[in-house]
Structure formats: structure tokens, C-alpha cells
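A.B. asks:
This is the structure:
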């Protein structure tokens, strides 16, 4: 649990992170006044200063606008921006649940919020059950198999939770460190930074040395959380692949859960399955009398050539390379005419 107030009363004790939802922490009156000023831009998506309650409604500019006023923001800007990229990638998996005027469906709001609230329970169930990750999410949250929520979206919801958690972890650290300067107005700090950068650096370095252990562990915790978010997004992409059977997707997800497959291994497995399906399609077409020189064009028109469900298709050059590498196409066959720079058909 994200422990905002260490049990031993030592404010320099590093925060403890696991995947439980953050508690509804209530700061002291002085800190509450400061926090309300700093987190004003998040008012509609926060139920406490450090818990993002409406992940689908978060926009990057709001987070950056809120956090960039902290004195150490620049030190963590890259990680914050990366977390926001992961968050936005997770949101894209849910786009079919968003109306043209930007409103999210009731079920999308419910599922993403419940995955956030129950993320600790999901992790616990994964440890004691034989379910793959998507099935575990469905079981814990109560998502029917007949619902219009896909397994890919379930995985994306878990990735969104981790991306939010990374932002919350960094936001908590930045806000806590800022309290070292609670007697100095933000305007004064800005003026010192502009007019005397050396004095400003000396001003923040002294308390930073005292908080060095907390900062180090915050960085490590954030890196781990971001890695988990990326891992779940890769699994979401695997579930979205139209050419993989449900059985194949479950096998990959189960292996990722039980053996802790690395992201690169997940990508490799998904790409291998896709390439095998493309080569199998080519062999089927050849048996049906399709000329070898026509294979690439015909496969390019099918769902087999999609990188992900409803996504961008592979280029003809990529398909040709896959077929040659898989032995489904004669490596000496000249298929370069018409050249790629001349498009005789619409792009796919």
C-alpha cells in the first residue's frame, strides 16, 4: 500500500508500494491548503490529492500543468510524460466505447474504475488461481463474457491502473518534497530560479540530500510500476490480434502470468504467431491455384495482414519479407514491379 504517513512517524521513511488502491489520505490543514492549490487542475478526476479517480478522463496537459509548478518537476518530467503515454495508449483500447462528443459509455467507466479499485484483489487471485490474466480480471470485477468489453480492454484497464499509479507515486513525492518550502511562495521560488540559478540549486539540494533515500526508492518503485504498465499493454495488443485464436491468446497470457515473461518475449511470441498465420494463408492460396506473384497482394487485403484488431495493416514489403523468411515465397522471385513508390491500388 502507498503509505503516506509512515507508522514510525519518520517522514523520511521511504513509501511502500504494492498494487493496492491508494487510501483516501487526508493531509494536515496547512498541507491541505497547499495541496488544494497545487492540485486544482485535477479537481474533477481526484477523490483524494493522490488518487486519480477517473482514468478515462485524464488528459496529459492537466497532469503536466498541475505538476510542473513543483521545484523538482524537471527531474521527473521524462517519467511523468512516459506514464502519460502509456495511459493514453491504454485509453485508445477503449475508443470504441467513446461517443463522437467524447462521452464514455457507462460500462467503460465502471470497468476501468473497478479494475483500479480491485487491482490488489486481481493480483491476489492471480497468485492462487489457474486463470489467465484477462479471465482473472473478468472474474474479480464481474465482467460477463457476453458483455461488449473485450479481453484486450480488460488488459488495457490494468495497464491504465499502473500508469495512474506511477503518476500518483511521483505526484506524492513531488508534493511532499515541496513542503520543505511551504514558507516560500511559488512566485518567490520562480523568481530565485530565474534570477539566481546557482542559489536556487543550492536551496533545493540541501533538503534533497536529506530525502535522498526516499527519492531513490520512489524512482525505483516508479520504474517497476511503469514496467508493469508496459507489460500489460503488450498483452492487450496480443489479445487484440485478430489472427490469434482464443486458445493461443490464453496460452500467452497464462505463460506471462505464471512465468513472468518479459515484454520482448511477449512481442516475439505474438509476432511469430502472426507470421505463421500469414505463411499458412499463403500455402492455402497456393493450393487453391493462386500464382506465387499474386500472393502478397491478396494477403494484404485480408485481416491476416493486420498488425492488431482494427489497426494498421502490414505493408506489402513487410508481407513479402515474412513470406520469404517463412519459406512460403521463392526468395529469387522478383516481385518488385510495380515498385513500392508507384501505387496502383489504394493504400491499406
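Residue numbers (the numbering used here): 1149 to 1496. C-beta: ideal position from N, C-alpha, C; glycine also. These numbers were taken from a predicted model, which means no experiment stands behind them.
Where residue 1236 and residue 1439 are concerned, what is the direct C-alpha to C-alpha distance, given to the nearest angstrom?
C.D. replies: Indexing the chain shown from 1 puts residue 1236 at position 88. Indexing the chain shown from 1 puts residue 1439 at position 291. So the alpha carbons of these two residues sit roughly 43 Å apart.
A.B. asks: Could you tell me which residues DSSP puts in a beta bridge with residue 1252?
C.D. replies: Position 104 of the chain shown, counted from the start, is the residue given in the question as residue 1252. Note: residue 1252 sits in a beta bridge opposite 1246.
A.B. asks: For the 8 Å Cβ check, are there 3 or more pairs between the stretch 1229–1247 and the stretch 1295–1308?
C.D. replies: Yes, the stretch 1229–1247 touches the stretch 1295–1308.
A.B. asks: Just mark residue 1361 as buried or exposed, buried being the case when its beta carbon has 16 or more other beta carbons within 10 Å.
C.D. replies: What you label residue 1361 is simply residue 213 of the chain shown in a count that begins at 1. Answer is exposed; the Cβ neighbour count stays below 16.
A.B. asks: Taking Cβ positions, are residue 1313 and residue 1220 nearer each other than 9 Å?
C.D. replies: Within the chain shown, the letter at position 165 stands for residue 1313. Within the chain shown, the letter at position 72 stands for residue 1220. Against a cut-off of 9 Å, the Cβ pair of residue 1220 and residue 1313 comes out as no contact.
A.B. asks: For the alpha helix (DSSP H) holding residue 1359, just list the boundary residues, first then last.
C.D. replies: Taking the chain shown and counting its residues from 1, the one referred to as residue 1359 is at position 211. It is not in any alpha helix (DSSP H) - residue 1359 carries neither H nor E in the DSSP assignment.
A.B. asks: Could you work out which residue in 1281, 1234, 1304, 1342 is closest to residue 1260 when comparing CA atoms only?
C.D. replies: Locating residue 1260 in the chain shown gives position 112, counting from the first residue. The shortest Cα separation from residue 1260 among 1281, 1234, 1304, 1342 belongs to 1304.
A.B. asks: Taking 9 Å as the threshold (C-beta atoms), are residue 1218 and residue 1281 in contact?
C.D. replies: The residue given as residue 1281 occupies position 133 in the chain shown. The residue given as residue 1218 occupies position 70 in the chain shown. No, these two residues do not count as a Cβ contact at 9 Å.
A.B. asks: Cα-Cα, which of 1437, 1462, 1435 is closest to residue 1447?
C.D. replies: Position 299 of the chain shown, counted from the first residue, corresponds to residue 1447. It is 1462 whose Cα lies nearest to the Cα of residue 1447.
A.B. asks: Could you tell me the distance, in whole angstroms, from the CA atom of residue 1285 to the CA atom of residue 1291?
C.D. replies: For the purposes of this step, residue 1285 is identified with residue 137 of the chain shown, where counting begins at 1. For the purposes of this step, residue 1291 is identified with residue 143 of the chain shown, where counting begins at 1. Between residue 1285 and residue 1291, the C-alpha separation is close to 8 Å.
A.B. asks: Below 9 Å between beta carbons: does that hold for residue 1270 and residue 1203?
C.D. replies: The residue labelled residue 1270 in the question sits at position 122 within the chain shown. The residue labelled residue 1203 in the question sits at position 55 within the chain shown. Not in contact: residue 1270 and residue 1203 (Cβ atoms no closer than 9 Å).
A.B. asks: If you drop the 5 nearest sequence neighbours on each side, which residues of the same chain put their C-beta closer than 6 Å to that of residue 1477?
C.D. replies: As a first step, residue 1477 is located in the chain shown; it is residue number 329 there, counting from the start. The answer, listed in chain order, is 1471.
A.B. asks: Mapping DSSP to helix, strand and coil, what is residue 1274?
C.D. replies: Translated into positions along the chain shown, residue 1274 becomes position 126. Residue state, collapsed to three classes: helix.
A.B. asks: Excluding the 5 residues preceding and the 5 following residue 1277 in the sequence, name in chain order all residues of the same chain whose CB lies nearer than 7 Å to its CB.
C.D. replies: As a first step, residue 1277 must be located in the chain shown, where it is residue number 129. Cβ neighbours of residue 1277 beyond the five flanking positions: 1284.
A.B. asks: Just to confirm, is the Cβ distance from residue 1241 to residue 1428 under 9 Å?
C.D. replies: Locating residue 1241 in the chain shown gives position 93, counting from the first residue. Locating residue 1428 in the chain shown gives position 280, counting from the first residue. Contact: no.
A.B. asks: What would DSSP say about residue 1235, mapped onto helix, strand or coil?
C.D. replies: Within the chain shown, numbered from 1, the residue matching residue 1235 stands at position 87. Here residue 1235 sits in helix by DSSP.
A.B. asks: Taking C-beta to C-beta, are residue 1424 and residue 1474 nearer than 9 Å?
C.D. replies: Against the chain shown, residue 1424 aligns to sequence position 276. Against the chain shown, residue 1474 aligns to sequence position 326. Closer than 9 Å, so yes.
A.B. asks: On the criterion of 16 or more Cβ atoms from any shown chain inside 10 Å, does residue 1256 qualify as buried, or is it exposed?
C.D. replies: Locating residue 1256 in the chain shown gives position 108, where the first residue counts as 1. Answer is buried; the Cβ neighbour count reaches 16.
A.B. asks: Considering just the uninterrupted stretch of the alpha helix (DSSP H) at residue 1474, what are its terminal residues?
C.D. replies: In the chain shown, counting from the first residue as 1, residue 1474 sits at position 326. Neither: residue 1474 is in no alpha helix (DSSP H) and is coded neither H nor E.
A.B. asks: Quick check: the stretch 1358–1377 against the stretch 1315–1327, are at least 3 beta-carbon pairs closer than 8 Å?
C.D. replies: Enough Cβ pairs lie closer than 8 Å, so yes.
A.B. asks: Using only the alpha-carbon positions, how far apart do residue 1351 and residue 1329 sit?
C.D. replies: Here residue 1351 refers to the residue found at position 203 of the chain shown. Here residue 1329 refers to the residue found at position 181 of the chain shown. Taking the straight line joining both Cα atoms gives about 9 Å.
A.B. asks: My assumption, with CB atoms under 8 Å, is that residue 1370 sits in contact with residue 1227. Please give the rounded CB distance.
C.D. replies: Position 222 of the chain shown, counting from 1, holds the residue named residue 1370. Position 79 of the chain shown, counting from 1, holds the residue named residue 1227. Their Cβ separation, rounded to whole angstroms, is 6 Å, which keeps residue 1370 and residue 1227 in contact under 8 Å.
A.B. asks: Between residue 1311 and residue 1231, which are expected to be in contact by the criterion C-beta below 8 Å, what is the C-beta distance as a whole number of angstroms?
C.D. replies: For the purposes of this step, residue 1311 is taken as residue 163 along the chain shown, with counting starting at 1. For the purposes of this step, residue 1231 is taken as residue 83 along the chain shown, with counting starting at 1. Their Cβ separation, rounded to whole angstroms, is 5 Å, which keeps residue 1311 and residue 1231 in contact under 8 Å.
A.B. asks: Where do the N-terminal and C-terminal ends of the alpha helix (DSSP H) with residue 1326 fall, by residue?
C.D. replies: For this step, residue 1326 is matched to residue 178 along the chain shown. Looking at the DSSP string, the run of the alpha helix (DSSP H) that includes residue 1326 is 1299–1326.
A.B. asks: In terms of residue numbering, what span does the alpha helix (DSSP H) encompassing residue 1339 cover?
C.D. replies: Residue numbering aside, residue 1339 sits at position 191 when the chain shown is read from its first letter. Its alpha helix (DSSP H) spans residues 1334–1343.
A.B. asks: Check residue 1466 in the structure and name its three-state DSSP category.
C.D. replies: If you number the chain shown from 1, residue 1466 lands on position 318. Three-state result, residue 1466: helix.
A.B. asks: In this structure, how does DSSP classify residue 1283 when only helix, strand and coil are distinguished?
C.D. replies: Residue numbering aside, residue 1283 sits at position 135 when the chain shown is read from its first letter. Reduced to three states, the DSSP call for residue 1283 is helix.
A.B. asks: Apart from the five residues on each side of it in sequence, which residues of its chain come closer than 7 Å, Cβ to Cβ, to residue 1289?
C.D. replies: By 1-based counting over the chain shown, the position of residue 1289 is 141. Only 1259, 1262, 1263, 1266 meet the Cβ criterion.
A.B. asks: To the nearest angstrom, how far is it from the Cα of residue 1346 to the Cα of residue 1333?
C.D. replies: Locating residue 1346 in the chain shown gives position 198, counting from the first residue. Locating residue 1333 in the chain shown gives position 185, counting from the first residue. If you take the alpha carbons of residue 1346 and residue 1333, they lie about 19 Å apart.
A.B. asks: Under a Cβ-count criterion, where at least 16 other Cβ atoms within 10 Å of its own Cβ denotes burial, should residue 1214 be classed as buried or exposed?
C.D. replies: As a working note, residue 1214 is residue 66 in the chain shown. It counts as buried.
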